[in-house]
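Taken in sequence, the protein lines are chains V and Z. Residue numbers are given in full-length UniProt numbering: position 134 of the first sequence equals residue 134, and the series is strictly consecutive. Residue numbers are given in full-length UniProt numbering: position 119 of the second sequence equals residue 119, and the series is strictly consecutive. Heads up: the structure comes next, in structure tokens.
Number of protein chains: 2
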Amino acid sequence: MSDVARAAGVSAATVSRALRGEPGVSEATRRYVTEVAKRMRYAIARDASSLAGGRRYAIAVLTADVGRGELLAGAEGALRQAGYDVLLYVVKEPEARSRFFEELPLARRVDGVLALSVDLGGAEGAALAGLGVPVVEVRDDGPREALRAAVGHLVGLGHRDVAFVVAGDVDESCDELLAEGGLRVRPEWSLWSSPTVAGGEQVVDALLDAERLPTAVISSSGEVALGVFLRLRRDGREVPGDVSIVSLEGLDLTRAVGITAVEVAWRERGEHAVDALLAGLRGESADREPPAVRLVVRNSSGPRV
Amino acid sequence: MSDVARAAGVSAATVSRALRGEPGVSEATRRYVTEVAKRMRYAIARDASSLAGGRRYAIAVLTADVGRGELLAGAEGALRQAGYDVLLYVVKEPEARSRFFEELPLARRVDGVLALSVDLGGAEGAALAGLGVPVVEVRDDGPREALRAAVGHLVGLGHRDVAFVVAGDVDESCDELLAEGGLRVRPEWSLWSSPTVAGGEQVVDALLDAERLPTAVISSSGEVALGVFLRLRRDGREVPGDVSIVSLEGLDLTRAVGITAVEVAWRERGEHAVDALLAGLRGESADREPPAVRLVVRNSSGPRV
DNA sequence: CTGAAAGCGCTAACAT
DNA sequence: ATGTTAGCGCTTTCAG
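Spelled out as structure tokens, the structure:
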């Protein structure tokens, strides 16, 4: 920087101010300094800058699910644009995760933390809060919001007899949501499945065993939805002719096969989270709602026949 | 750090050496200092450390494909373990990409660069090389290696009449590879498809129009393979009874449906790339081959009937 | 609006 | 084996 200062015939302090857009520099000087810096291919040393200035220009981005690439990409783009570096931490494996939260290698290193689909536990959240920097979390929400959309869609198509397949753990019962939407709730239509295609196929077996086949199936998992789809077709049932299928999880897989699904605009969620974080960095408090989920109708769902 | 030094009754230099495992400190002192530091919850200021030491303890990880989450996760884990921070840069969109390579915001910021499925162009590679730090690239290789594995598998099962579907751009002709493996090469069995499920379904139509149906289909794309699979089944053909299918691209989708596919151990590729980078950082030159691709036989391929 | 000087918190020579 | 002394390259008062 002193080289640039000398070349521009000013002091280092002025170069610093000029390059950062700080007030207290005449426009002419700023323009000239900027030009000289560019000509000399000057790149500021972030380390020195951080050391002297106390800001780190870096955000830690934690994620437990690298499969959510779009979320990550959205956050990265927004952070980069805001002038922050992105320090990536994958906390997927349980050991890596607990080690991370014990050591917390973030102290004195970042200006903020973004936790993407990590679903922070209480102690974990507290640990991050202890860092003394803003923390924003994007949770992989339970299926409630998505379920509401799916139910609305099916009810609109005239369905009343709808089976609901849950894969993995769902904290709260969803029956009320189904009933709320005007669906008939039957215990034999509330099914659990392992979160795989095979699981979905087994679900169909269970369904066929019951006395009455639902006219539609909602699956919390995309893979399970595919399993249901394949098995029904294989059994000679038409989809959506005989049975409609809606997945609460939009996946490449479901999109590719053409299954109606609730899609989350992950990229936008990432950007939205960054907005909130930047607001926190400014001392403001963000409050805007994240982008809503969106149900995309494909050819696995149609009117009740 | 001076606080720790005072508390431990030594100089800051000794604390620095002790904490970094540098030689020149007695074991007893090191243990004691380490203990005091931990008790005081001392976290080193990386900025100051970098500034003084000249090393940055950070690696830039570029990626053009956030979908390759496992690759990224593998690299991140290995780098973290080696004590490096991971600075993530997503260079997917063309504008973002060209802007990145023009500005090259990496100067003076990282000790090395890892380019994951970026497929660096000549100028881009040169730009990175100009940084003066080691650069390691993991390319999304063309399908040649995978094709060899697929051909071997099918030939072993007795297939000779194999159609090859290419999705997207393949630079070189693959006919020779097919012939080399002992397959009959027919122009009408060399097909192009859009890289979608629908594309795969259309491919089947084209195949059925020809005078003779191949006994197996190799698809460079996983989605296309799925399309072929679904369409054949729908047309009443057995898979693999009548036609075997092998995908050169292992996807959640193909795994879920049970399609034989060439799988790349992406996580391991990431770790391997980090090994190479670390070697470069040490001044050594790495040369070990990356992990080979692996064909996973599922139930879409079987003996020729 | 600009410059001079004093650090930011470490590491690396050089002493001891 | 340990301490002392200079910086590393910026930002930030404080003067002018």
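Here a beta-carbon is modelled for each residue, glycine too, at the ideal position from N, C-alpha and C.
Beta-carbon spacing of residue i, residue j below 8 angstroms
i	j	result
Z/R108	V/A5	no
V/V185	V/D175	yes
residue 339 of chain Z	Z/F100	Past the edges of chain Z, shown from 1 to 305, lies residue 339 of chain Z, and the structure says nothing about it.
V/D47	Z/L51	yes
Z/G222	Z/A261	yes
Z/A150	Z/L295	yes
V/P240	V/S300	yes
Z/G122	V/G69	no
V/A73	V/R267	yes
Residue closest to residue i, alpha-carbon to alpha-carbon, out of the options
i	options	result
V/G67	Z/I245, Z/G283, Z/L251	Z/L251
Z/A210	Z/G199, Z/L191, Z/D85, Z/Q81	Z/L191
Z/G181	Z/E201, Z/L207, Z/L147	Z/L147
Z/L178	Z/G199, Z/V204, Z/R144, Z/T196	Z/R144
Z/V246	Z/R282, Z/G152, Z/A273, Z/L207	Z/G152
Z/V197	Z/S244, Z/S219, Z/L295, Z/A265	Z/S219
Z/E263	Z/V203, Z/P240, Z/E249	Z/E249
V/W189	V/A206, V/A279, V/A127	V/A206
V/P134	V/L277, V/A12, V/R55	V/L277
residue 312 of chain V	V/G258, V/G302, V/V204, V/L208	A query on residue 312 of chain V cannot be resolved here, the shown segment of chain V reaching from 1 to 305 and no further.
Z/Q202	Z/L183, Z/P187, Z/D235	Z/D235
Z/G258	Z/R55, Z/V297, Z/A18	Z/V297
Z/T254	Z/A8, Z/R233, Z/R237, Z/V224	Z/V224
Z/L87	Z/R282, Z/E102, Z/R56	Z/R56
V/D281	V/E22, V/G132, V/G21	Per the sequence shown, residue 281 of chain V should be read as Leu rather than Asp. Here the closest residue by C-alpha is V/G132.
Minimum Cβ-Cβ distance from residue i to chain V less than 8 angstroms
i	result
Z/A256	yes
Z/D64	In the sequence as displayed, the identity of residue 64 of chain Z is Ala instead of Asp. It does not: the Cβ of Z/A64 has no partner Cβ on chain V nearer than 8 angstroms.
Z/G77	yes
Z/R97	no
Z/L72	yes
Z/E268	no
Sheet register partners of residue i (DSSP bridge)
i	result
Z/S219	Z/V165, Z/S247
Z/R234	In the DSSP output, where bridge partners are listed per residue, Z/R234 has none listed.
Z/R160	Beta-bridge pairing links Z/R160 to no other residue.
V/R184	V/D161
V/Y42	BP columns for V/Y42 are empty, so no partner.
V/W192	V/V166
Z/T254	DSSP lists no partner for Z/T254.
Z/G112	Z/I59
V/A261	V/S247, V/V296
V/Y89	V/L62
V/V138	V/L116
Residue-chain proximity (residue i, chain Z), Cβ-Cβ < 8 angstroms
i	result
V/T14	no
V/S50	yes
V/A28	no
V/R20	no
V/A107	yes
V/G67	yes
V/E201	no
V/A43	yes
residue 312 of chain V	Nothing in the structure corresponds to residue 312 of chain V, since chain V is present only between 1 and 305.
V/D47	yes
V/V197	yes
V/V297	no
V/V25	no
Touch test, the segment 89-96 of chain Z against the segment 287-299 of chain Z, Cβ-Cβ under 8 angstroms, three pairs minimum: As far as the Cβ criterion goes, the segment 89-96 of chain Z does not touch the segment 287-299 of chain Z, which means the pair count is below three.
Cβ pair count under 8 angstroms reaching 3, the segment 199-219 of chain V against the segment 148-167 of chain V: As far as the Cβ criterion goes, the segment 199-219 of chain V touches the segment 148-167 of chain V, which means the pair count is three or higher.
Is the segment 114-122 of chain Z in contact with the segment 55-63 of chain Z, if contact means three or more CB pairs nearer than 8 angstroms? With the cut-off at 8 angstroms, the segment 114-122 of chain Z and the segment 55-63 of chain Z touch.
Quick one: any contact between the segment 20-33 of chain V and the segment 70-88 of chain V, if contact means 3 or more CB pairs under 8 angstroms? Segments in contact, no.
Between the segment 219-234 of chain Z and the segment 29-42 of chain Z, are three or more C-beta pairs nearer than 8 angstroms? The count of Cβ pairs closer than 8 angstroms, one atom from the segment 219-234 of chain Z and one from the segment 29-42 of chain Z, stays below three, leaving the stretches out of contact.
Do the segment 122-139 of chain V and the segment 269-276 of chain V make contact, defined as three or more Cβ pairs closer than 8 angstroms? Flag = yes, the segment 122-139 of chain V and the segment 269-276 of chain V touch.
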